[in-house]
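Below is one structure, written out as structure tokens; comments come after it.
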Amino acid sequence: MINEALFFSAVLFTIGVVGVLTRRNAIIIFMCVELMLNAVNLTFVAFSKLYGAAGQIFVIFVMTVAAAEAAVGLAIIISIFRHRETVNLQNINLLKG
Amino acid sequence: MGYFYQINFYIFGLLAIASALAFVTRKSPVAAALWLVNTMFCLSALYIMMDAQFIGAIQVLVYAGAIMVVFLFVVMLLNLGHPSDIADMRGTWGKLIAAGIGVVLLAQILVIQRQRLPRIVPDVEAPRNVITGIAQPLFNEYLLAFEVTSVLLLAAIVGAVLLAKRRG
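Protein sequences appear in the order of chains A and B. Sequential numbering of the first sequence, starting at 1, is according to this note's numbering. Sequential numbering of the second sequence, starting at 98, is according to this note's numbering.
Set out below in structure tokens:
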């Protein structure tokens with residue numbers, strides 16, 4: 001069962017990477033990052049079956065960081081949208097405001 | 098490890114992958130977010146099947162319940178969803194399938210109400226000390242990391258409010 005979980009996790013991570021590389025909407029790219037974090041969490045839980053509860057504690061930390069990251073990232077996206085009226089990353093190509 | 102268990106594990110894993118594929122290919126951000134919620138529910142089922150019941154519950158509460166709601170909130174705040182793609186009613190096929198499932202569910206409820214159900218005795222003992230196994234190392238070995246997490250959350254709150262605030 002651990003092998004299958006690792007396989008699912010790898011596939012989900014790859015889908016997340018493909019999404020980050022192919023999509024242009026900043027919010028969807030952000031959701032793809034969340035998907036990648038979820039895939040890693042699945043790996044942690046699968047290994048916690050072999051090596052004890054430390055993996056599950058790591059999952060809790062990853063979830064906390066993901067929540068913080070979502071809050072800050074979405075605030076950044078909102079402030080970019082106020083400035084440029086778009087969330088399409090093709091149109092956001094300057095570091096200068 | 099029962100056969101039934103194995104099959105369910107595969108079903109939830111494949112559902113998670115299918116939902117993730119649907120999520121990446123959707124045009125509308127609202128539809129994409131809802132597919133991602135489905136992926137997270139399937140992952141939660143996988144966690145529970147791998148004896149991580151607490152993580153499964155937290156996954157539903159935090160990811161599907163909180164983080165994705167924030168995403169949907171921002172999508173709707175910025176008015177990015179396409180109203181035509183997420184029209185309220187589906188086509189004829191959607192209505193037919195919905196009617197079929199509704200009839201089946203109603204029939205099941207009626208049958209259950211008629212019968213007197215036997216008392217169900219679980220053949221598997223409910224797992225105990227699920228949270229203790231996580232809480233013990235979390236508050237002993239990883240206490241410093243746990244406390245640092247609270248600082249991280251505080252920084253995130255302050256940062257989010259400051260960034261999203263209107264200048265003026």
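Just so it is clear, CB atoms sit at the ideal spot from N, CA and C, and this is done for glycine as well.
Asked: Own chain residues within Cβ distance below 6 Å of Arg98/A, not counting five before or after; Found: With chain A represented from 1 up to 97, any question about residue 98/A goes unanswered, as that position is not in the structure.
Asked: Sequence-distant residues of the same chain with beta carbon closer than 7 Å to Tyr144/B, five excluded per side; Found: Ile152, Gly153 and Gln156
Asked: Cα-Cα separation between Ala242/B and Val11/A, rounded to whole angstroms; Found: 30 Å
Asked: Cβ distance (whole Å) where Ile28/A is taken to contact Gly16/A below 8 Å; Found: Ile28/A to Gly16/A, Cβ: 11 Å. No contact.
Asked: Ala5/A burial status per 10 Å Cβ neighbour count (16 or more: buried); Found: buried
Asked: For Asn105/B and Gln205/B, the rounded distance between their alpha carbons; Found: 22 Å
Asked: Buried versus exposed, by CB contacts within 10 Å (16 or more), Gln122/A; Found: Because chain A here runs from 1 to 97, residue 122/A falls outside it and cannot be looked at.
Asked: Whether Ala68/A touches Leu249/B by CB criterion (7 Å); Found: yes
Asked: Unbroken stretches of the alpha helix (DSSP H), 4 residues or longer, contained in the stretch 12-58 of chain A; Found: 26-51
Asked: Where the stretch 77-91 of chain A meets chain B: residues whose CB sits under 7 Å from a CB there; Found: Ile77, Ile78, Ser79, Phe81 and Val87
Asked: Contacts that Ala53/A makes with chain B (C-beta to C-beta distance below 7 Å); Found: Gly230, Ile231 and Pro234
Asked: Selected residue, minimal CA-CA separation from Met165/B, among Phe138/B, Lys192/B, Val134/B and Leu174/B; Found: Val134/B
Asked: Beta-carbon proximity check, Phe47/A vs Phe58/A, cutoff 7 Å; Found: no
Asked: Minimum Cβ-Cβ distance from Thr122/B to chain A less than 7 Å; Found: no
Asked: Residues of its chain near Trp132/B, where Cβ-Cβ distance is below 7 Å and the 5 sequence neighbours each way are ignored; Found: Ser116, Ala119, Phe120 and Arg123
Asked: N- and C-terminal bounds of the alpha helix (DSSP H) containing Tyr107/B; Found: Tyr100 to Thr122
Asked: Chain B contacts from the stretch 21-38 of chain A (Cβ-Cβ distance under 8 Å); Found: Thr22, Arg23, Asn25, Ile27, Ile28, Phe30, Met31, Cys32, Glu34, Leu35 and Asn38
Asked: Within-7 Å CB hit, Thr64/A to chain B; Found: yes
Asked: Contact set between Leu260/B and chain A, taken where Cβ atoms lie within less than 8 Å; Found: Val72, Ala75, Ile76, Ile78 and Ser79
Asked: 7 Å Cβ cutoff met for Val72/A and Gly256/B; Found: yes
Asked: Boundaries of the alpha helix (DSSP H) in which Met98/A is found, first to last residue; Found: Here chain A comprises residues numbered 1 to 97, so residue 98/A is not present and cannot be evaluated.
Asked: Close-in-space but distant-in-sequence residues of the same chain around Leu21/A (CB under 6 Å, 5 per side omitted); Found: none
Asked: Reference Asn38/A, options Ala66/A, Leu95/A, Phe7/A and Phe81/A, closest by Cα; Found: Ala66/A
Asked: Contact check, Val171/B vs Leu74/A, beta carbons under 7 Å; Found: yes
Asked: Contact list for Ala113/B against chain A, beta-carbon separation under 7 Å; Found: Phe8 and Leu12
Asked: DSSP-derived helix/strand/coil call for Asn88/A; Found: strand
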